[in-house]
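Visitor: Before I ask anything, here is the structure I am working with.
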Amino acid sequence: MNWLRDWMMPLAASEHAKKVDELYLFIFLLMLAWFILIVSLTILFPMKYKRKKEGVLTINFSHSLVLELAWSVIPLILVIGIFFWGFNDYAASFVPQNDALEIHVTGSKWKWAFEYPDGSRSIKALHVPVNKPIRLIMTSEDVLHSFFIPSMRTKQDVVPGRYVELPFTPTVAGKHQVYCAEYCGRDHSGMFADLYVDTPEQYETFLKEGPEEFKTMPLIELGKFTYNEAGCKSCHTIDGTKSEGPSFKGLWGKSEKLRDGSSVAVDENYIRESILNPSAKVVAGYEPVMPTFQGLVRDRQVLGVIEYIKSLK
Amino acid sequence: MADIVATPKSHGHGDHHDVDYLHDGSLLSWLTTVDHKKLGVMYLWSVFFMFFLGGVFALLVRLELMNPGQTIMTAEQYNKAFTLHGAIMVFLVIIPSIPAALGNFALPLMLGAKDVAFPRLNLLSFWIYVTGAIIATVAMLTGGVDTGWTFYTPYSTTADGPVALMTFAAFVLGFSSILTGVNFVATVHKLRAPGMGWFKMPLFVWGIYATAIIQILATPVLAITLLLLIFERLFGVGVFDPKLGGDPVLFQHFFWFYSHPAVYIMILPGMAIISEVIPAMSQKVFFGYKATAFSSVAIAIVSFVVWGHHMFTSGQSQLAGAIFSFLTFLVGIPSAIKVFNWITTMYKGSISLAAPMLYALMFLILFGIGGLTGIFLGTMSVDIHLHDTYFVVAHFHYVMMGSTLIAFLAGVHFWWPKMFGRMYNERAAQIAAFFVFIGFNTTFLPQFLLGSRGMPRRYYDYLPEFTFLHQVSTVGSWLLGLGFVIMAGYLFASLRKKMDAPSNPWHARTLDWQTSSPPITHNFHEIPVLKQGPYDYFKPFEPSVEGYHE
């Protein structure tokens, strides 16, 4: 039956996921049998008892205690069994683990941000060590979101104004998909994150240096990646149209007039400052709404963004 | 409507000179009528029109999902399209479809009554429905909303667009629903023909009665919820938005306290039609009449205490989740009982496979899939994975469309000759039924797989691995659409014919078939006195109405 499970379900990357799959498969086969019974009778009776002559009287078969008890009690026993099975697995998955690694998750339109116990941060990429119980402590900055990891068979709505938790223990290293599962507006379908289940060594390296690919990617590519993933693109276009912030197209080298009346040339230091301390110099005609990216992006990413802006002539 | 009103024609009725209810076809007589039959027919045309509108949005949504990325519209347009599809189909099509359209038409006839208990109130319900529909249309034309039909806070209290207006439309429509419910409860209690005890009522009446009770008890909760939402949006009263000190999960509790019973407002009338069509088309006594009647009432009661199963992942307490899960499974039992009763009713019958029966059989299969996939979703550990994925989308389309709407079509084909005095082309009906069945399953079966593989719902864009299943689903929606186009064709065509329908084309035994087709304005010349149970197909037919002829 493994082929059937693999056909219907994504990769199972935790012990809990495997248990969910077992129950899913059990219900599937049971319901399939039940369905075949219903459909065969639904097709068989009209064929067998098709009307041949108008106006015939039929038998008076209006009740049968045995039959009615049978099809009340048998389904009742089956669903009670399924209920307890499902409830046990569910409850077990929420039992707190003492040594769990706690990571804070913040959802906002339309990105996921993560903060690790040592103060490291990442956006749209969650790194966790393999085989270690994880406890995500989550909240939302604006509307409802839902943190959904199909390979762990788990999800949890993220609610503004309160903390919710999502425990899981990943057992399969590699990259897994995270979705937002609660409708949250325009870019709901782009509110992804990658879950990297690392070996302990990879995880340590990540905490120290940031993700591996950040160190090897060409700067312009890293800049483009950061632009797309860190949230720049929600407010800065690359085609010259005005959004909440100035467009990146043709920005490099320009002289910008600021809200306080002074002006500044767009160079490396100005861009760096605008990313790390955005309210310091706000261009005239825009609101000071940009959050700081201090700690959210690493040095090489700032360089990447500078190179990327340079490339957008 | 022009087609029906253009061909008034009276039937000779022996010594009587009454005319059928379609005889006075002036526009004014329709718009101010208190005749339950005319109101039923007006609801029917409204529901058809709204179904067309909601269907167009459905086809647009499916077309957009043909390929990942942008296909025909932007993300904002897509979000509005699926919101309008949901809101129209739920509030303007499915909820009024069976009770308001077919219930209004058939319920008094089945009881042997001249009309409903409060005919003027009935007219008021209709005009409230029209008002609600107009407000909703204005909201659509002035920008549309993108909150989803569920209006979840705090998104709905902060989103752009005429959300308050759209919500107000649902609020107004709720009143139409409540008043219709009150009217039906009074009618069933007070206007049954002499000799018709509670257990001699047709099962359609039982189903509509149970529905009416839910409408009366649950709809006010929705009204209050929506009103609070409007207050929060317009005046900043903090009920649901945490920024104002409110609780967003409270909205979900309120909303589902109505909307889960509303699921049974939608499905119970569908079951009620199937309980009428199967014995008539099988010429068989209904198997397990009392069990079916009581199971309608049981479903109505239990439906009030299962709302939390929409919220397993919402952050409600795990104990509450467990209780809701358990109660949810209990609803499965009366549903299972009904399915086996319908199937056993066909056993050793004399079964006609005319269009109403085709839709009834289709219902048994599609409701089977819709009901059985509900077991996955009631199971807590499995639901956590499937919640808010396409699995849920597929499940509720099997229940709402595959079951309720298909049952509605069974009812439309069943009572069409009675309503308009004309038979439709049976061959065309079979072809349409074929496309509807194949199209529906091609559209929605792949969505179960999409969901279990992790595709979340309400997604404008998706990962490339889901492309193939989405494309199959979109092609299915075209087949489904084609089925409905054919159906519209032969139904309209039938209205252009001369009246040719016999009083009782299906040889049914309930009172609605013992008056002429279409019925006279006051339904019956004399008050019928019940001589037989509604499904006594094992003994020769003894009409309860004097002067009955086929």
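Sequence lines, in order, name chains F and L. So the first sequence is numbered by the numbering used here: it starts at 1410 and just counts up by one. So the second sequence is numbered by the numbering used here: it starts at 153 and just counts up by one. Every residue gets a Cβ at the ideal spot worked out from N, C-alpha and C, and that includes glycine. All of these numbers come straight from a predicted model, not from anything done at the bench.
Between the beta-carbon of L:D540 and the beta-carbon of F:A1500, is there less than 7 Å?
Guide: In this structure, L:D540 sits away from F:A1500, with a CB-CB distance that is not shorter than 7 Å.
Visitor: In chain order, what residues of the stretch 456–468 of chain L put their CB closer than 7 Å to some CB of chain F?
Guide: Within the stretch 456–468 of chain L, contact with chain F at the beta-carbon level (separation under 7 Å) is assigned to T465, S466, G467.
Visitor: Cβ closer than 8 Å: which chain L residues qualify as neighbours of F:V1465?
Guide: Q435, S502
Visitor: In whole angstroms, give me the CA-to-CA distance for L:G699 and L:H674.
Guide: 15 Å
Visitor: Of all the CB atoms in chain L, is at least one closer than 7 Å to the CB of F:H1472?
Guide: So, interface residue.
Visitor: Does the contact criterion of 3 or more C-beta pairs under 8 Å hold for the stretch 683–692 of chain L versus the stretch 659–666 of chain L?
Guide: yes
Visitor: From F:D1708 to F:T1635, what does the alpha carbon distance come to, in whole angstroms?
Guide: 12 Å
Visitor: Tell me which residues share the same chain as L:R574 and place their Cβ nearer than 7 Å to its Cβ, disregarding the 5 neighbours each side in the sequence.
Guide: S646, L647, K649, M651, D652, A653
Visitor: Where L:T594 and L:S655 are concerned, what is the direct C-alpha to C-alpha distance, given to the nearest angstrom?
Guide: 38 Å
Visitor: Return the residue from the list L:M463, L:W665, L:V627 that minimises the CA-CA distance to L:T531.
Guide: L:M463
Visitor: Between the stretch 418–425 of chain L and the stretch 435–443 of chain L, can you find at least three pairs of beta-carbon atoms closer than 8 Å?
Guide: no
Visitor: Counting only beta-carbon separations shorter than 7 Å, does L:N219 have a partner in chain F?
Guide: Using a CB distance cut-off of 7 Å, L:N219 does not count as an interface residue toward chain F.
Visitor: Identify, in the order they occur along the chain, each residue of the same chain with its Cβ nearer than 8 Å to the Cβ of F:S1656, setting aside the five sequence neighbours on each side.
Guide: H1645, T1646, I1647, D1648, G1649, T1650.
Visitor: Which of the three DSSP states is assigned to L:S593 in this structure?
Guide: Reading the sequence as shown, one finds Asn at residue 593 of chain L and not Ser. It is helical.
Visitor: With a cut-off of 7 Å, does the C-beta of F:V1573 fall near any C-beta of chain L?
Guide: For F:V1573, a Cβ of chain L is located within less than 7 Å of the residue's own Cβ.
Visitor: Any chance you could list the alpha helix (DSSP H) runs of at least 4 consecutive residues sitting entirely within the stretch 220–299 of chain L, in chain order?
Guide: 227–239, 256–263, 271–293
Visitor: Between L:Y576 and L:Y642, is the Cβ-Cβ spacing less than 7 Å?
Guide: Yes, these two residues count as a Cβ contact at 7 Å.
Visitor: Return the Cβ separation of L:P486 and L:I451 in integer angstroms, given the expectation that the two are a contact with Cβ distance under 8 Å.
Guide: 5 Å
Visitor: Quick one, are the C-beta atoms of F:L1575 and F:L1545 less than 7 Å apart?
Guide: yes
Visitor: Under the rule that 16 or more other beta-carbon atoms within 10 Å means buried, what is F:A1479, buried or exposed?
Guide: exposed
Visitor: Between F:L1535 and F:L1604, how many whole angstroms is the CB-CB distance? I'm expecting something under 8 Å.
Guide: 5 Å
Visitor: May I have the straight-line CA-CA distance separating L:F270 from L:R605, to the nearest angstrom?
Guide: 52 Å
Visitor: With distance defined between alpha-carbon atoms, name the residue in F:M1417, F:K1428, F:F1437 nearest to L:T525.
Guide: Comparing Cα positions, the closest option is F:F1437.
Visitor: Thinking just about the alpha-carbon of each residue, which of L:K500, L:H341, L:W665 is nearest to the one in L:E702?
Guide: L:W665
Visitor: Check the C-beta distance from L:P413 over to L:I366 and give it rounded, since I have them as a contact under 8 Å.
Guide: 5 Å
Visitor: Can you give, in chain order, each stretch of the alpha helix (DSSP H) that sits fully within the stretch 1466–1498 of chain F and has at least 4 residues?
Guide: none
Visitor: For the alpha helix (DSSP H) holding L:H188, just list the boundary residues, first then last.
Guide: 188–216
Visitor: Excluding the five sequence neighbours on either side, which residues of its own chain have a C-beta within less than 6 Å of the C-beta of L:M498, listed in chain order?
Guide: S434
Visitor: What does DSSP give as the partner residues of F:F1657 in its beta bridges?
Guide: According to DSSP, F:F1657 bridges with nothing at all.
Visitor: So which of F:I1680, F:R1681, F:P1697 has the shortest CA-CA distance to F:S1688?
Guide: The residue with the shortest Cα to Cα distance from F:S1688 is F:P1697.
Visitor: Would you mind telling me which residues of chain L sit closer than 8 Å to F:F1615, beta carbon to beta carbon, in chain order?
Guide: Result: empty, since nearest Cβ-Cβ is about 24 Å, beyond 8 Å.
Visitor: Going residue by residue through the stretch 1616–1679 of chain F, where are the continuous beta strand (DSSP E) segments of at least 3 residues, counting only ones entirely within it?
Guide: Counting only runs of 3 or more, we get 1664–1666, 1672–1674.
Visitor: Between the beta-carbon of F:Y1433 and the beta-carbon of L:G300, is there less than 7 Å?
Guide: no
Visitor: Just tell me which of F:R1595, F:G1704, F:S1473 has its CA closest to the CA of F:G1528.
Guide: F:G1704
Visitor: Are the Cβ atoms of L:A227 and F:R1595 separated by less than 7 Å?
Guide: Going by C-beta atoms, L:A227 is nearer than 7 Å to F:R1595.
Visitor: Could you check how far apart the C-beta atoms of F:S1560 and F:G1516 are, in whole angstroms? I think they sit under 8 Å.
Guide: About 19 Å; that fails the 8 Å criterion.
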